[in-house]
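*Asks:*
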Amino acid sequence: MIQLPSWSSRQLRWVAAAIVVFNGFFPAVWILLTSLKREIELVQKPITYWPHHLTIQNYVQAFTVLASPPHYSKLCAGLYRSAFAYVFGQ
Amino acid sequence: MSFSKLRDPSEKTLALLLLAPAFVLLALIVVYPIGKLIYNSFYDLRLSGGVGEPKFLGFQNYMDVWKDQDFWNAAKNTVLITLITVPGALVVGLGLAMLANLPFKRKWPVRLALLLPWALPLSFAGLIFAWFFHTEYGIVNDVLSRLGKEETSMWLLRPQWAFAAICIAIIWKTSSFMALILLAGLQMIPKSLYEAAEVDGANKWQQFWQITIPMLMPSIIVALIFRTITALQTFDIPYTMTKGGPGNSTETLAMLIHKTTIDYLDVGYGSTLAVCMFIISLIITAVYLKRVGAQT
Chain A
451 MIQLPSWSSR QLRWVAAAIV VFNGFFPAVW ILLTSLKREI ELVQKPITYW PHHLTIQNYV
511 QAFTVLASPP HYSKLCAGLY RSAFAYVFGQ
Chain B
39 MSFSKLRDPS EKTLALLLLA PAFVLLALIV VYPIGKLIYN SFYDLRLSGG VGEPKFLGFQ
99 NYMDVWKDQD FWNAAKNTVL ITLITVPGAL VVGLGLAMLA NLPFKRKWPV RLALLLPWAL
159 PLSFAGLIFA WFFHTEYGIV NDVLSRLGKE ETSMWLLRPQ WAFAAICIAI IWKTSSFMAL
219 ILLAGLQMIP KSLYEAAEVD GANKWQQFWQ ITIPMLMPSI IVALIFRTIT ALQTFDIPYT
279 MTKGGPGNST ETLAMLIHKT TIDYLDVGYG STLAVCMFII SLIITAVYLK RVGAQT
């Protein structure tokens, strides 16, 4: 293991952790924030970083659409396929 | 068949019997498709061409590939993506691994952040980065303009810029896997080596080049081999980000095969392209294994 370098104070370790966490989480967090924006806000200039109006409308819509007939069968087919791949991929 | 009889003939028969199921499965899902692919590559199998027996063409398809500008363009893009993203991901991955290897009190947020890009589906990463690099509503252009860049750059609408954007997305996605393997390698290096170097008066830079890199070489080679093989098959990220555009400036071999077979319904020619891609991958991997593998 790399030993603690002399210049590496606690603050520097925080910076290192921040870089790694930012690199890993940033896209996922951005998508989460985007999913909470209203549709009109997505095509606004200048772009907004924090949603002005938090909304879960996108999630409601996603689950309503998924539960309706044409997509519901696709969802089930997808789940079956994943299960099949999981069982036989072991 | 009685048990004694089974044991009698020889160990060989038993071994064959035990190997048979695995062999049959492999033959069904690996040997047969590849054989069928090679067989198809000699035929004119255009599904849009009406009914009738498939016409045997001999090596005509292969001659066409040789003269096909699209094929050479896609081959060039694939090799370029490999040459750029593999070393890029190695450098970024090594940096991330060294940062993650510092002695933190709470390890899990860093480890999770290291794993997350690897756990995301490729096409999902491609879609996110396509949104990042959007000319009007992308965060990259927004940050650049805030930093004082005057004109907006049309990332995904200019051949070179689109290529750069795709390389950035691939490096982000794959450096995570590199970092994981390298982190495991870093943790195997005994601490006493650094203590001895410290006593001898070596600085951090010398310790990095004289201890970390040589001790890490086996992990680096494993990571490079895995990464190169998957880089040659690049499909998802360019497909979701640009669909090969603008024009076909970011089209990889896998995308060209997909387009020929699925969109143009030309199964024969698509199979020929796939065989050619297989040969190219085989050559590069063989040369690479010989060169890189010899160093271990």
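Sequences listed follow chains A and B, in order.
Sequential numbering from 451 applies to the first sequence in the numbering used here.
Sequential numbering from 39 applies to the second sequence in the numbering used here.
In this text, a Cβ means the ideal position worked out from N, Cα and C, and glycines have one as well.
Below 8 Å between beta carbons is the criterion; list the residues of the stretch 146 to 159 of chain B that meet it against any residue of chain A, in chain order.
*Replies:* So the list reads PRO147, VAL148, LEU150, ALA151, LEU152, LEU153, LEU154, PRO155 and LEU158, given in the order they occur along the chain.
*Asks:* So with CB distances below 8 Å, who are the chain A contacts of LEU137 (chain B)?
*Replies:* Ordered by position in chain A, the residues that pass the 8 Å Cβ test against LEU137 (chain B) are ALA466, ALA467, ILE469 and VAL470.
*Asks:* With DSSP run on the structure shown, which of helix, strand or coil describes LYS93 (chain B)?
*Replies:* Looking at LYS93 (chain B) - three-state DSSP - the assignment turns out to be strand.
*Asks:* Can you tell me whether ASP180 (chain B) is helix, strand or coil according to DSSP?
*Replies:* Of the three classes helix, strand and coil, the one that applies to ASP180 (chain B) here is helix, per DSSP.
*Asks:* For ALA292 (chain B), collect the residues of the same chain with a Cβ closer than 6 Å to its Cβ; drop the 5 residues on either side in sequence, then sort them by chain order.
*Replies:* Correct list, in chain order: GLN271 and PHE273.
*Asks:* Just list the residues that DSSP pairs ARG84 (chain B) with in beta bridges.
*Replies:* In DSSP, ARG84 (chain B) forms a bridge with B:ASP304.
*Asks:* For PHE201 (chain B), I'd like the list of residues in its chain whose CB is within less than 6 Å of its CB, leaving aside the five on either flank, ordered along the chain.
*Replies:* Answer for PHE201 (chain B): THR288, listed in chain order.
*Asks:* Start and end of the alpha helix (DSSP H) containing TYR499 (chain A)?
*Replies:* That residue, TYR499 (chain A), is in no alpha helix (DSSP H); it is neither H nor E in DSSP.
*Asks:* Interface residues of chain B around TRP500 (chain A) at Cβ under 8 Å?
*Replies:* What TRP500 (chain A) touches in chain B: nothing, since even the nearest Cβ is about 13 Å away.
*Asks:* Can you confirm whether LYS495 (chain A), when its beta carbon is compared against all beta carbons of chain B, has any partner nearer than 8 Å?
*Replies:* Closer than 8 Å to some Cβ of chain B, the Cβ of LYS495 (chain A) qualifies, so yes.
*Asks:* Specify the secondary structure class of ALA33 (chain B) as computed by DSSP and reduced to three states.
*Replies:* Given that chain B is displayed from residue 39 to residue 334, the structure contains no residue 33 (chain B) and the question cannot be resolved.
*Asks:* Quick one: does the C-beta of TRP500 (chain A) sit closer than 7 Å to a heavy atom of the ligand COA?
*Replies:* The model on display carries no ligand, and the ligand COA is accordingly not part of it.
*Asks:* Please say whether LEU262 (chain B) and LEU220 (chain B) have beta carbons closer to each other than 8 Å?
*Replies:* No, these two residues do not count as a Cβ contact at 8 Å.
*Asks:* Distance check for ALA535 (chain A) and MET39 (chain B), CA to CA, integer angstroms please.
*Replies:* For MET39 (chain B), the pLDDT reaches just 48, beneath the cut-off of 50, and the residue's location in the model is therefore unreliable, although a value from the coordinates is still provided. Distance between the alpha carbons of MET39 (chain B) and ALA535 (chain A) is about 36 Å.
*Asks:* Report the three-state DSSP secondary structure of MET39 (chain B) (helix, strand or coil).
*Replies:* Its pLDDT being 48, under 50, MET39 (chain B) is placed unreliably in this model, and the value from its coordinates should be taken loosely. DSSP places MET39 (chain B) in coil when its eight states are reduced to three.
*Asks:* Quick one: measure Cβ to Cβ for ILE275 (chain B) and ALA163 (chain B), integer angstroms, because I've assumed they're closer than 8 Å.
*Replies:* Indeed, because the Cβ distance is near 6 Å, the residues count as touching under 8 Å.
*Asks:* As a quick exercise: from B:ALA235, B:ALA203 and B:MET101, pick the residue whose alpha carbon is nearest that of GLN248 (chain B).
*Replies:* Minimum Cα distance to GLN248 (chain B) is reached at B:ALA235.
*Asks:* Taking Cβ-Cβ distances shorter than 7 Å, what residues in chain B pair up with ASN508 (chain A)?
*Replies:* Near ASN508 (chain A) there are no residues of chain B at all, since even the closest Cβ is about 15 Å away, more than 7 Å.
*Asks:* Within 8 Å (strictly less), CB to CB, does PHE534 (chain A) reach chain B?
*Replies:* With 8 Å as the cut-off, PHE534 (chain A) does not count as an interface residue toward chain B.
*Asks:* Since PHE475 (chain A) meets chain B, which of its residues come closer than 7 Å, beta carbon to beta carbon?
*Replies:* Near PHE475 (chain A) (Cβ distances below 7 Å), the residues of chain B are ALA151 and LEU154.
*Asks:* So, CYS205 (chain B) versus ILE267 (chain B), is the Cβ gap smaller than 8 Å?
*Replies:* For CYS205 (chain B) and ILE267 (chain B), no; Cβs fall outside 8 Å.
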